[in-house]
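Notes follow once the structure below has been shown.
Protein chains in written order, with full-length UniProt numbering: chain A, 1 to 216; chain B, 1 to 216.
Right, dumping it as structure tokens:
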């Protein structure tokens, strides 16, 4: 392993350890010493990579953003139509939240007051949902006009953000079963019965798996 | 004013000031000195009423619970049918979240890890939604069987909790307009067209107003 590879590995371990600390104790109560112990490195090694707690929190946020955006982008690349893509994207993102502590902690940080306000992943998700619904309208999949489209976007954003909030109580809220149940309820409100038959509320397995593949 | 009335007034002012501090800075960063300054009382007066920060947080939670439960109970007392009652209750609770800092802060505290785990208002809301849907099924208002009922309950809980989470970004998410939009989207998924005509997604004004009346 080169020196650079070792550096990257240490930095990643610190980001992962910090994510665990932030997730468990919140930003305010997480300590740098617990983060370095968790990563199995010395306090000196931590300070070589990160100036302070704010800097490491920023790195956790950035890592979460990168993963979430990449997943949404790959899912979009495999889209069949805009509504199925929205379903597949929520399934892929839910799986990230279930499996990736950096995504969980980074999302929470990006939505809290403690950090940079220009970056709020909730708002980004909102734009993503609106865009997909506009595309679905162009594709003739959405029933109702512009007012209804706004109601639908708000309801989808609220329900999906709600799943993330509720997953703090129980991981079950972000299970494939729960996400499928959400879409079983919402899809009939979005589209006409003839379009509904071609949509899979449980997501397209191949797309979900592809979206989570590591960068090759 | 009697000594007891003055005591109650001071305690209420401390709870309100603490709610503001917890809401703005979070539990961990809120300070007792800021809370007593905000209430316009001496640190001694604070310590007469509350032993420490945990005790005052508990009082904020308890006050929020009392208000939320009372509002839901009054709305239930004015119900016409179970679905309309669910709509009216969400409107009345949304108004509490908009207008009452103690409710906002107390709800957040009750859902965080820092406080008592046996009291989680999110779980209580979940039970309330499930019960209303079971009643709606008994009243013949709900379409679909038990599996569908569980999907519906989860979707309603997720969407309403999502509104509360999103209201941290903008109060608009808990506006009457947003709550109405949510129900305009969800009600057609819950009930048959013939029942839908008799339901008001914008809530029953008299019930919402009654629910928020102070205890007489």
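All C-beta atoms in this analysis are idealised placements derived from N, C-alpha and C, irrespective of residue type, glycine included.
The beta carbons of residue 49 of chain B and residue 105 of chain B sit no closer together than 9 Å.
Of all residues in the segment 168-187 of chain B, those with a C-beta nearer than 8 Å to a C-beta of chain A are 168, 169, 173, 178, 181, 182, 184, 185, 186, reading in chain order. If you draw a 10 Å sphere on the C-beta of residue 61 of chain B, you find 16 or more other C-beta atoms in it, and that means buried.
Note that the C-beta distance between residue 39 of chain A and residue 16 of chain A is below 9 Å. Setting aside the 5 residues that flank it on each side, residue 88 of chain B is surrounded in the same chain by 75, 203, 204, 207, 208, each with a C-beta closer than 7 Å to its C-beta; the list follows chain order. At least one CB atom of chain A sits nearer than 9 Å to the CB of residue 26 of chain B. At a cut-off of 9 Å between beta carbons, residue 84 of chain A makes no contact with chain B. In the displayed model, residue 65 of chain B falls within a helix according to three-state DSSP. When DSSP states are grouped into helix, strand and coil, residue 43 of chain A belongs to the helix group.
Of all residues in the segment 122-152 of chain B, only 122, 123, 126, 147, 148, 150, 151, 152 place a beta-carbon less than 9 Å from a beta-carbon of chain A. With contacts defined by Cβ atoms closer than 9 Å, residue 98 of chain B and residue 175 of chain B form a contacting pair. Put simply, the backbone Cα of residue 172 of chain A is about 15 Å away from that of residue 93 of chain A. Using beta-carbon distances, residue 120 of chain B counts as an interface residue toward chain A, with a partner under 9 Å.
The three-state secondary structure of residue 98 of chain A, taken from DSSP, is helix.
Counting C-beta pairs closer than 8 Å gives fewer than three between the segment 173-192 of chain A and the segment 6-13 of chain B, which falls short of the contact rule.
Cβ-Cβ separation between residue 180 of chain B and residue 201 of chain B: approximately 5 Å, consistent with a contact (criterion under 8 Å).
Rounded to whole angstroms, the gap between the alpha carbons of residue 163 of chain A and residue 170 of chain A is 10 Å. Apart from sequence neighbours up to five positions away, the residues of its chain that approach residue 63 of chain A with a beta-carbon distance below 7 Å are 15, 102, 106, ordered along the chain.
Within chain B, no C-beta atom comes nearer than 7 Å to that of residue 101 of chain A; the closest sits roughly 16 Å away.
Of all alpha-carbon atoms in B:72, B:59, B:54, B:30, the one lying nearest the alpha-carbon of residue 13 of chain B is that of B:59. Taking a beta-carbon distance threshold of 9 Å, residue 203 of chain B does not count as an interface residue toward chain A. In this structure, the beta-carbon distance from residue 90 of chain B to residue 136 of chain B does not fall below 9 Å. Rounded to whole angstroms, the gap between the alpha carbons of residue 144 of chain A and residue 160 of chain A is 22 Å. Under the DSSP assignment, residue 121 of chain B falls in the alpha helix (DSSP H) whose first and last residues are 121-138. Between residue 86 of chain A and residue 129 of chain A the beta-carbon gap is near 7 Å, inside 8 Å, which marks them as a contact. For residue 165 of chain A, at least one C-beta of chain B is nearer than 9 Å to its own C-beta. Residue 162 of chain B has a beta carbon lying within less than 9 Å of a beta carbon in chain A. Burial of residue 211 of chain A is indicated by the presence of at least 16 other C-beta atoms within 10 angstroms of its C-beta. Against chain A, a Cβ distance below 8 Å from residue 155 of chain B picks out 159, 181, 182, 185, 186. For residue 184 of chain B, the enclosing alpha helix (DSSP H) begins and ends at 176-190.
For the UniProt domain "HTH tetR-type" (8-68) of chain B, the set of positions with a beta-carbon nearer than 9 Å to some beta-carbon of chain A reads 24, 25, 26, 27, 28, 29 in chain order. Counting only the Cα atoms, residue 165 of chain A lies some 23 Å from residue 147 of chain B. In the DSSP assignment, residue 144 of chain A falls outside any alpha helix (DSSP H), carrying neither H nor E. For residue 4 of chain A, the enclosing alpha helix (DSSP H) covers residues 3-29.
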